[in-house]
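Student: Just so you know, we're using the UniProt record's numbering here: the sequence shown kicks off at 1 and counts up by one.
Backbone N, C-alpha and C define an ideal beta-carbon position, used for all residues, glycine too.
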Amino acid sequence: MNISTLWIAEKPSMAEAFASQLGVINNKDHSLGAYVSQDKSVVVTWLYGHLVRDLMPEEYDPEMKSWKLETLPFFPQNWKKTPRENVVSHFQKVKKLIQAATNIVLATDFDREGEVIGRELLDECGYRGKVERVNITGTDAKSISKCIENRFDGNIGLPLYYAGKGRERADWLVGLNFTRAITVLGRQKGLKETLSAGRVQSATVKIIVDRENDVQGFKSQDHYQVKVNMQHGDVPFNGKWQPLSSELDDNKLLLDKEIASRKVVELSGQDCTVRRSIAQTSERSAPLPFNLSAAQIECANKYGFGVQKTLDILQSLYDTHKLTTYPRTDCRYLPTAELDELDAKLQAIVQMDPTIEPVISALDLTLRSDAWNDDKVGAHFGLIPTAHCGDLSRLKDDELLVYKLVRDNFLSQFMDTAKYRNVTLEIAAGDDRIVASSSTLVSPGWLEFIKPAKDDDADEEQNQTVPELKEGSEVKIKSAEIISKKTSAPKYFTEATLLAAMNNCAGFVKDPGFKKILKSTCGIGTEATRAGIIKILFDRSYIVKKGKQIRPTQLAISLMGVLPDEISSIERTAYWEQQLDAIAQRKLSLDEFMGEVTGMVKDIFSKGFADINLDKVIPKCPVCNKNLIRRKGVNGFFWGCSGYPECKKTFNDKKGKPDFSKNNKKVK
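Shown next, in the form of structure tokens:
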């Protein structure tokens with residue numbers, strides 16, 4: 001069979017969407033694993049994500065089957081892949097199609113992972129022919145038709161493939177070598193479980209453990225402010241007395257209550273003068289369209305959704321309902337070409353939900369918010385509705401909430417900015433200085449439609465309106481009072497704040513050398529992988545949830561003491577992520593990157609590992625004194641004795657620890 005054009009989709013549902021637009025939807029051939037045109041010139045096949053996987057160490061060298069420190073570190077001489085065990089039959093079908101094709105169109109996601117899924121398969125099958133590419137932004141008929149028309153040279157995606165390869169190989173070298181190393185060390189101490197390490201995983205645990213240490217080691221400190229209640233004519237307002245810099249500590253806090261008490265007495269009843277007056281108008285634009293992280297954070301704050309739940313919902317809105325665009329985007333901007341679809345999108349939105357019609361009628365479609373910026377759009381753009389007219393009654397309640405969140409954000413791009421009047425008065429009371437300020441909403445604009453989350457940390461002065469006084473105006477101090485405060489400990493992470501920290505970890509970078517080379521917006525992991533990393537940490541008992549708080553287990557805390565700093569380093573992980581981006585932008589070669597990774601792994605093993613102290617990590621069985629192991633049963637986690645079957649004692653799991661209480665009932 002000679003195939004003129006073979007379309008390769010990432011999953012069956014996408015193959016169906018392409019087959020429909022290419023006119024071969026009724027010609028599905030299960031024996032070939034594809035949709036085939038009558039003359040067999042056009043074929044659409046599908047994958048199940050990755051059809052091939054990297055070999056494990058023991059598949060390169062049988063000696064590696066036994067986990068020993070002396071066999072580490074291990075580096076494959078020639079990287080090899082093999083079909084995943086559960087898709088061997090389908091792999092063979094796709095391989096035959098690839099070998100019969102003269103032109104292939106990759107219709108996988110146009111990002112690092114999607115490029116690897118497609119290109120690794122072509123490499124494994126020895127394909128050397130022409131490759132074209134499509135960039136899928138939506139799964140509705142119009143979006144698929146548009147990307148078919150606009151397919152482009154597949155070589156454009158090669159840098160993404162090399163970046164994806166680099167990520168894959170770095171994760172393999174770090175994950176497998178250090179997982180084996182710390183597991184062997186753990187077994188020497190009697191631990192039977194596998195202890196895992198990973199490039200992004202370990203850095204994320206480090207962030208969480210560091211926060212735990214910061215909170216536990218925090219000592220609250222009393223400090224003071226002086227609130228000054230003033231009046232001009234009949235208008236009351238308040239301000240704050242400004243201490244001299246010599247009266248403040250290094251953190252700009254007033255610690256001496258005597259100074260504050262003295263000022264309360266001195267200021268009360270004084271007449272004072274406005275020395276400086278600033279009044280100006282500011283604008284607040286509608287929030288940019290969501291990328292995946294922004295959507296996950298918003299859904300966590302508004303609805304209490306976990307990050308994985310939000311991703312699953314967005315994937316369903318994209319794949320199943322075809323109502324929103326590509327969910328795993330890292331971009332918050334929109335291409336101006338999307339304006340061509342604006343009328344169609346708005347018509348679909350109203351048809352699905354007629355109650356939104358008054359809002360849409362009031363939109364100013366000539367407005368162009370900051371979101372419309374071709375220069376800031378990469379392979380994907382921000383999350384917005386498609387032009388597909390679906391049935392909202394088919395959505396689950398949570399899906400409807402997320403759809404409306406995306407829809408309303410998009411509509412807000414055509415609404416006026418919110419306008420504020422900001423007033424700041426600098427007032428002289430003898431030698432003392434008082435500052436009063438306010439920010440008053442004068443025109444709500446988009447805020448009438450979207451209510452942002454309440455800011456619990458908003459300054460109380462934002463709840464007043466300071467009069468716009470001229471310089472030289474007289475002001476009467478009616479009273480003054482001490483405001484006693486305490487410094488607050490850092491907050492434990494929630495899923496939302498942990499995701500935000502992974503997305504932009506610049507604030508956690510302390511190494512001066514890395515500060516010079518890391519971007520101000522450096523992150524660890526990618527939009528597509530962060531939710532999965534957090535899930536892995538829960539599954540591997542490195543973190544637990546206490547209410548909304550994410551807390552490290554003793555296992556995680558102890559492992560941070562044995563893992564080499566280079567592996568758990570936030571700076572190193574963010575730097576590697578930056579290097580992978582450089583590969584994707586053709587600024588760095590894959591070989592250069594892998595040289596750095598290989599050199600670091602060799603260097604760590606040459607230095608050796610610290611002794612691992614697991615005494616506090618592993619709870620003991622009260623019956624036989626052997627180690628207890630946390631396991632997952634059909635009804636959740638439980639703890640079982642490592643002496644099983646001789647000792648069959650089990651315990652409920654209570655926040656990551658065995659429940660030794662008398663009313664404990666075993667869970668299996």
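Reducing DSSP to helix, strand and coil, say where Ile524 ends up.
Tutor: Three-state DSSP puts Ile524 in coil, outside helix and strand.
Student: Could you tell me the distance, in whole angstroms, from the CA atom of residue 672 to the CA atom of Cys147?
Tutor: With the chain running from 1 to 668 in the structure shown, residue 672 is simply not present.
Student: The alpha helix (DSSP H) with Lys515 in it runs from where to where?
Tutor: Note, Lys515: alpha helix (DSSP H), 512-517.
Student: Need the endpoints of the beta strand (DSSP E) that Phe237 sits in, please.
Tutor: 235-241 is the span of the beta strand (DSSP E), which, as asked, contains Phe237.
Student: Classify Ser568 as helix, strand or coil using the three-state DSSP reduction.
Tutor: Helix at Ser568.
Student: Do you know how far the Cα of Gly157 is from the Cα of Lys28?
Tutor: In a straight line, the C-alpha of Lys28 is about 29 Å away from that of Gly157.
Student: Given a cut-off of 8 Å on the beta-carbon distance, is the pair Ile483 and Gln242 in contact?
Tutor: Result no, Cβ atoms of Ile483 and Gln242 do not sit closer than 8 Å.
Student: Thinking His321 and Leu395 are a contact (beta carbons under 8 Å), I'd like their distance in whole angstroms, please.
Tutor: Right, the Cβ-Cβ distance comes to about 7 Å (below 8 Å), so this counts as a contact.
Student: With the cut-off set at 8 Å, would you say Lys80 and Leu55 are in Cβ contact?
Tutor: Yes, the pair counts as a contact, with Cβ atoms nearer than the cut-off.
Student: Quick check on the burial criterion: 16 or more other C-beta atoms within 10 angstroms. Buried or exposed for Ile384?
Tutor: Its Cβ being crowded by 16 or more others within 10 Å, Ile384 is buried.
Student: Around the C-beta of Gly129, are 16 or more other C-beta atoms found within 10 angstroms, so that it is buried, or is it exposed?
Tutor: The residue is exposed, with fewer than 16 neighbouring Cβ atoms inside 10 Å.
Student: Identify every run of the beta strand (DSSP E) within the UniProt domain "Toprim" (4-140), keeping only runs that are complete inside it and at least 3 residues long; order them along the chain.
Tutor: Whole beta strand (DSSP E) segments, 3+ residues: 5-9, 34-36, 42-46, 52-54, 81-83, 103-107, 130-133.
Student: Out of curiosity, what's the CA-to-CA distance linking Val184 and Ser245?
Tutor: Computed Cα separation, rounded: 56 Å.
Student: In terms of residues, what are the limits of the beta strand (DSSP E) holding Thr650?
Tutor: That run of the beta strand (DSSP E) goes 650-654.
Student: Who are Gln225's beta bridge partners in DSSP?
Tutor: Answer is Ile483, bridged to Gln225.
Student: Per the contact definition of three or more C-beta pairs closer than 8 Å, is the region 273-281 in contact with the region 423-441?
Tutor: Verdict: yes, contact present.
Student: Between Ser316 and the rest of its own chain, which residues show a CB-CB distance below 7 Å, the 5 nearest in sequence each way excluded?
Tutor: The answer, listed in chain order, is Glu399.
Student: How big is the Cα-Cα spacing for Tyr224 and Val350?
Tutor: One C-alpha to the other measures close to 54 Å.
Student: Taking the beta carbon of Lys548 as the centre, do at least 16 other beta carbons fall within 10 Å, making it buried, or is it exposed?
Tutor: Under this definition Lys548 is an exposed residue.
Student: DSSP state of Glu646, grouped into three classes?
Tutor: Here Glu646 sits in coil by DSSP.
Student: Report the rounded CA-to-CA distance for Tyr575 versus Ala500, giving the unit in angstroms.
Tutor: Computed Cα separation, rounded: 17 Å.
Student: Which residue or residues does DSSP assign as beta-bridge partners of Cys272?
Tutor: DSSP lists Val475 as partners of Cys272.
Student: Tell me which residues share the same chain as Leu121 and place their Cβ nearer than 6 Å to its Cβ, disregarding the 5 neighbours each side in the sequence.
Tutor: Same-chain partners within the cutoff: Leu51.
Student: Report yes or no: do the region 567-574 and the region 507-518 share at least 3 C-beta pairs separated by less than 8 Å?
Tutor: The answer is yes - the region 507-518 touches the region 567-574, with three or more Cβ pairs under 8 Å.
Student: With three or more beta-carbon pairs closer than 8 Å as the criterion, would you say the region 6-13 touches the region 95-105?
Tutor: Taking 8 Å as the limit for Cβ pairs, the verdict is that the region 95-105 does touch the region 6-13.
Student: Using three-state DSSP, classify Leu588 as helix, strand or coil.
Tutor: Looking at Leu588 - three-state DSSP - the assignment turns out to be coil, as it is neither helix nor strand.
Student: Look at the alpha carbon of Ile567 and the alpha carbon of Leu176, and state the distance between them as a whole number of angstroms.
Tutor: Taking the straight line from one Cα to the other gives about 12 Å.
Student: Looking at Glu298: is its Cβ nearer than 8 Å to the Cβ of Leu405?
Tutor: Yes. Within cutoff.
Student: I need the straight-line Cα distance from Leu555 to Ser13, nearest angstrom please.
Tutor: One C-alpha to the other measures close to 41 Å.
Student: Using a Cβ-Cβ cut-off of 6 Å (strictly less than) and excluding sequence neighbours within five positions of Lys668, which residues of its own chain qualify?
Tutor: Confidence in Lys668 is poor, its pLDDT being 48 and thus under 50, which makes the residue's placement too unreliable to answer from.
Student: Is the CB-CB distance between Asp111 and Leu160 below 8 Å?
Tutor: The answer is yes: Cβ separation under 8 Å.
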